[in-house]
Amino acid sequence: MPLKVSAQFTLANASPSVALEKGAYYRTRTSRTRGGATLNTPNPYTHRHAQSRNTQSTKVVALLLLAFACITCFGTAYYLFKTRWENPEHHPTRVPHTNALPVQVNVSIYDNDLQEHDAYTYLEERYLAYLPHSGFHNQRIAFENALVLARLLNRTLIVPPIRLGNKPIPYYPFDRLSRMLALADKTGLQHCAHVLPGLSMPPECLDYFDYTYLPWDSLIDLTSVRASQKLRYRWNFAENWFRDTLGIPDSRMLMFRDHKPYQYRFVDNIKRDLGEKNWYTEDVSISYLIEQPQALLIFGSLFGSTRLQFREQEYLDVRKEVREAMSIKHPILDRVSESIWRALGGAYLAIHFRTGESKFEDASEANARAIWWALLHRFLNISMDDTIRLENGLQRTGTSPNLMGPGITAVPSLPSYYLPLSDTEKFYLDLASRKTCHQRFSHVPALDSLGQNSIALYIATDLKNPTKHPLFSRFRILFPCIFDLSDFASYLSPLDQLINPLDGVPLRSHFTPFIDALVAARAFRVAGTQGSTFSYYIEDVLWKRNHNLPIKQRG
1 MPLKVSAQFT
11 LANASPSVAL
21 EKGAYYRTRT
31 SRTRGGATLN
41 TPNPYTHRHA
51 QSRNTQSTKV
61 VALLLLAFAC
71 ITCFGTAYYL
81 FKTRWENPEH
91 HPTRVPHTNA
101 LPVQVNVSIY
111 DNDLQEHDAY
121 TYLEERYLAY
131 LPHSGFHNQR
141 IAFENALVLA
151 RLLNRTLIVP
161 PIRLGNKPIP
171 YYPFDRLSRM
181 LALADKTGLQ
191 HCAHVLPGLS
201 MPPECLDYFD
211 YTYLPWDSLI
221 DLTSVRASQK
231 LRYRWNFAEN
241 WFRDTLGIPD
251 SRMLMFRDHK
261 PYQYRFVDNI
271 KRDLGEKNWY
281 TEDVSISYLI
291 EQPQALLIFG
301 SLFGSTRLQF
311 REQEYLDVRK
321 EVREAMSIKH
331 PILDRVSESI
341 WRALGGAYLA
351 IHFRTGESKF
361 EDASEANARA
371 IWWALLHRFL
381 NISMDDTIRL
391 ENGLQRTGTS
401 PNLMGPGITA
411 VPSLPSYYLP
421 LSDTEKFYLD
431 LASRKTCHQR
441 FSHVPALDSL
451 GQNSIALYIA
461 TDLKNPTKHP
471 LFSRFRILFP
481 CIFDLSDFAS
491 YLSPLDQLIN
501 PLDGVPLRSH
511 FTPFIDALVA
521 ARAFRVAGTQ
531 GSTFSYYIED
541 VLWKRNHNLP
551 IKQRG
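In UniProt numbering, the protein residues as written are 1 to 555.
In structure tokens:
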């Protein structure tokens, strides 16, 4: 049975930050003003007229005020009709960027819920849907898993949009996540993009520019995927969307209502020993899902790199094909990242260091040490004893924090796929570094004694001023030629052209991390942050595809 929740219950259980997107808690929020000149509007209550002795004059004034009020009400109603309730397709969104060009998006795939649909034309088709959540890379992993499941089950995948922004919707159990997604879309908020600079933002628009929605094929080339399976885009998370748009009654839906983020794991043979279940509590076989006759299968969270546990080669091939198609493909992002790659001489090492969440912040020093070890011990192929000696030397000088006590001997766990540089790669790295670094290039005695030259290092990170941050002190000693994205600020100006034509939200801040990732993925070698889905995406997919290597499958 579908979820039926009263409006009162929905708002009572809604997250304030999400509910505000619909303007529910406007009484508790302070209105804010968009950048620009402030309009000084006279307060109509600062002056009151004394009672006139002339009754006729009083009537005239009252009639004039009444006429003015009527005109004002009519004008306000007309404005709301033109900006909020009228079909937005006939009025392109106006944005406060006079010279900006819109991002090229395939608008033909959009669901236009304002148009009439013959719902019963879809009755013979079978579908699979799921509920997205969290940041971009968690959404991407869930999308990959959904594509694989839909392909194996021969069902059309209902594809939600990507949500980008600094306020991701976290995981919730199935029913609550459904409500959150319904509250968080931008249906009915088109007027927010029309608020002029200097005017106070309406309560329902306070978070409007903090997040945006994009179709998946605006960032990823899904041509090969669409050649093998059907996709249907969904922009509306209303409870009745499946019934009204696809004509599917409640009786023909099967919902997998999860109560925890890692509840269902999908396997090709439920009797086969797949080892420890890790944190998944239930296994569901693909054969069981194939047998289900319902027109629609709806899952909650599909995030999880190990959620699909396969041993059959046919299934592994499908997952590999889908994962290989997940590289970022965008003309402006590709052009900007390539220009930075050329500015770096086309040869450098890179790291991806993430601290944005509490778990990464708490482990930041240990993660920095592990990445430093990967650069020296794995990529430069410096022996374990020499790497320990270098680290002990940094500890004695106070350059590196004492993570292991006196006399560091423990070696951090490093991925087995971190391979040493070849002699040819070292030769090109040395040439490019001498040309690129200029005054930054210098000989490092500790490396000279080991027959190693200083190499250009690119740092992709969410930290501010990474080249000066204490966490990178150990890197600055052995890699004096360090770059980060701030060194290439002038190269980023094409991002100012990117405006989402759906809601008028500028995309530069949302796309900048992708530039960082693409530059890191072009390096000769890249080391990421343990446990980061963003780092795994760079290492497993982007870097591998850039270097024509088979991608790494997890799970």
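By construction, the Cβ of each residue, glycine as well, lies at the ideal position given by its N, Cα and C atoms.
Element boundaries [alpha helix (DSSP H), containing Ile477]: 473-478
Start-to-end residues for the alpha helix (DSSP H) that takes in His469: No alpha helix (DSSP H) holds His469; DSSP gives it neither H nor E.
Residue burial classification, Lys426 (beta-carbon count within 10 angstroms, cutoff 16): buried
Contact check, Lys329 vs Ile220, beta carbons under 8 angstroms: yes
Backbone CA spacing between Ile298 and Asp540 [nearest angstrom]: 29 angstroms
Contacting residues, own chain, Cβ-Cβ under 8 angstroms from Arg48 (five flanking each side not counted): Summary for Arg48: the model assigns pLDDT 38, below 50, so the residue's position carries little reliability; its value from the coordinates is reported in the next sentence. Closer than 8 angstroms at the Cβ level, and outside the excluded window around Arg48, lies no residue.
Selection from Ser327, Asp423, Arg508 that minimises the alpha carbon distance to Asp217: Ser327
Contact set for Asn546: own chain, Cβ-Cβ below 7 angstroms, skip 5 residues either direction: Ala521, Arg522
Residue from Glu144, Pro513, Gly346 with nearest C-alpha to Leu333: Minimum Cα distance to Leu333 is reached at Pro513.
Endpoints, alpha helix (DSSP H) assigned at Asp175: 174-184
Check whether Leu152 and Val318 have beta carbons under 8 angstroms apart: yes
Under the three-state DSSP convention, the category Val105 falls into: For Val105, the pLDDT reaches just 35, beneath the cut-off of 50, and the residue's location in the model is therefore unreliable, leaving the point undetermined.
Three-way DSSP call (helix, strand, coil) for Thr512 in this model: helix
Cβ neighbours of Pro249 in the same chain (closer than 8 angstroms, five flanking residues each side left out): Same-chain partners within the cutoff: Arg243.
Residue interval of the alpha helix (DSSP H) (run including Ile332): 331-343
Residue interval of the alpha helix (DSSP H) (run including Thr223): Run containing Thr223: 223-226, per the alpha helix (DSSP H) assignment.
Contact under 8 angstroms by Cβ, Gly531 with Ile538: no
Local Cβ density within 10 Å of Thr461, reported as buried at 16 or more and exposed below that: buried
Member of Arg369, Phe266, Pro203, Glu365 whose CA lies at the smallest distance from the CA of Leu316: Phe266
Thr46, DSSP secondary structure in three states: Confidence at Thr46 is low in this model, with a pLDDT of 31, below 50, so the placement of that residue should be treated as unreliable; the coordinate-derived value is given next. Thr46: coil per DSSP, three-state reduction.
Sequence-distant residues of its chain with Cβ nearer than 6 angstroms to Gly300 (five each side left out): Around Gly300: Leu131, Phe174, Asp258.
Residue burial classification, Val195 (beta-carbon count within 10 angstroms, cutoff 16): Counting the other CB atoms within 10 Å of its CB gives Val195 a total of 16 or more, which places it among the buried residues.
Inter-residue CB distance, Pro420 and Arg378 (contact presumed, cutoff 8 angstroms): 6 angstroms
Beta-ladder partner(s) of Phe483, from DSSP: Tyr458
8 angstroms Cβ cutoff met for Ala489 and Tyr348: no
Residue(s) in a DSSP beta bridge with Phe266: Val284, Leu308
Cβ neighbours of Ile551 in the same chain (closer than 8 angstroms, five flanking residues each side left out): Within the same chain, Ile551 has close Cβ partners Lys320, Arg323, Glu324, Asp540, Val541, Lys544, Arg545.
For Pro506, three-class secondary structure by DSSP: For Pro506, the secondary structure class from DSSP, reduced to helix, strand or coil, is strand.
Where Ile290 sits in the DSSP three-state scheme: helix
Sub-8 angstroms separation of Ala238 and Tyr127 beta-carbons: no
Exposure of residue 564, with buried meaning 16 or more beta-carbon neighbours within 10 Å: As displayed, the chain neither begins before 1 nor continues past 555, which places residue 564 out of reach and without an answer.
The segment 176-188 touching the segment 223-239, judged by at least three CB pairs closer than 8 angstroms: yes
Extent of the continuous alpha helix (DSSP H) run through Thr299: Reading the sequence as shown, one finds Phe at residue 299 and not Thr. No alpha helix (DSSP H) contains Phe299, which is instead part of the beta strand (DSSP E) from 296-299.
Nonlocal neighbours in the same chain, by C-beta distance under 7 angstroms from Phe136, ignoring five residues either side: Ile162, Leu164
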